[in-house]
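Here's the structure we're looking at; comments come further down.
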Amino acid sequence: MILSANSISKSFAKGSETITVFDNLSLEVHAGDLITIIGPSGAGKSTLLNILGTLDSPDSGTVSIHGENTNGLNDADLAAVRNTSMGFVFQFHHLLPEFTALENILIPAEISSSGKVAEAKALELLDYIGLADRKSHYPSELSGGERSRVAVIRALINDPDIVFADEPTGNLDAENAKKLIELIQMLHKDTKKAFVIATHNAEVADIGTRNCELKDRILSENDVL
Numbered sequence: 380m381i382l383s384a385n386s387i388s389k390s391f392a393k394g395s396e397t398i399t400v401f402d403n404l405s406l407e408v409h410a411g412d413l414i415t416i417i418g419p420s421g422a423g424k425s426t427l428l429n430i431l432g433t434l435d436s437p438d439s440g441t442v443s444i445h446g447e448n449t450n451g452l453n454d455a456d457l458a459a460v461r462n463t464s465m466g467f468v469f470q471f472h473h474l475l476p477e478f479t480a481l482e483n484i485l486i487p488a489e490i491s492s493s494g495k496v497a498e499a500k501a502l503e504l505l506d507y508i509g510l511a512d513r514k515s516h517y518p519s520e521l522s523g524g525e526r527s528r529v530a531v532i533r534a535l536i537n538d539p540d541i542v543f544a545d546e547p548t549g550n551l552d553a554e555n556a557k558k559l560i561e562l563i564q565m566l567h568k569d570t571k572k573a574f575v576i577a578t579h580n581a582e583v584a585d586i587g588t589r590n591c592e593l594k595d596r597i598l599s600e601n602d603v604l
């Protein structure tokens, strides 16, 4: 087991009112899982992914990575856990405009000082997704679909155990969304990484080996046909 969230709850204050996002939610992520979490906008999917990825903390409950409770870790230790064990893909690619595709992919590796080994891997991954000839192009010179694929590869550069993707197709047209879904499926099959994807798109949700729904503050898991 890579990750265990046990009885986590999260609420936000809105004026004098308290909004409960979810309550006593539990989820386990194992190696090789492809978990999709579907739910309407505002259901709390992004909040859940942020907590699972240690970018936010629950009001109560625990999130453990490889059996280690992350609640007691300081910011530096949490950053180290994220950099070594996790990759992140967001709805908006968040590529830095002043860096090339290759340089953007290498940013997480620069933080962990992986050096030339990471560069060789980045070039291999760019070739894998058919963008080897675009390595020196800046984000403004790439199409939306190309930027999204670069963002996915960036999430994999440090060989994480688990990749979180928050509405990865939400900013793409239908054709590029289909290509990105196919890329994630191919990467999942070839790398055996665990993926957790939050989406409101039923077609994206259908690719999961485990399908969950977050609705009315409750996370339920459905049988995969």
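The opening residue of the sequence shown carries number 380 in the working numbering; numbering runs sequentially from there. No residue lacks a Cβ here, since even glycine has one placed at the ideal position from N, Cα and C. Please read all numbers here as calculations on a predicted model, not as lab measurements.
Taking C-alpha positions only, Asp552 is separated from Lys558 by approximately 10 Å.
Assignment of Met565 by DSSP, reduced to helix, strand and coil, places it in the helix class.
For Leu428, the closest alpha carbon among the candidates Ser405, Gly411 and Glu520 is that of Ser405. Distance check between Leu382 and each of Ser425, His579, Ala410 and Leu434 places Ala410 closest, using alpha-carbon atoms only. With a minimum length of 4 residues, the unbroken runs of alpha helix (DSSP H) contained wholly in the region 451–487 fall at 454–464. The beta carbons of Lys514 and Thr479 sit about 7 Å from each other, so the pair counts as a contact at 8 Å. Around Ser439, the same chain offers Ser388 as residues with beta carbons nearer than 6 Å, after the five sequence neighbours per side are excluded. The shortest C-alpha to C-alpha distance from Met380 to any of Ser599, Asp540, Ile576 and Ala556 is the one to Asp540. Within the same chain, Ala384, Ile387, Lys389, Ser436, Pro437 and Val442 come within 8 Å of Ile430 by CB-CB distance, once the 5 residues on both sides are set aside. Within the same chain, and ignoring the five residues on either side of Leu566 in sequence, no residue has its Cβ closer than 6 Å to its Cβ. For the 7 Å CB-CB criterion, Leu485 and Ala497 form a contact.
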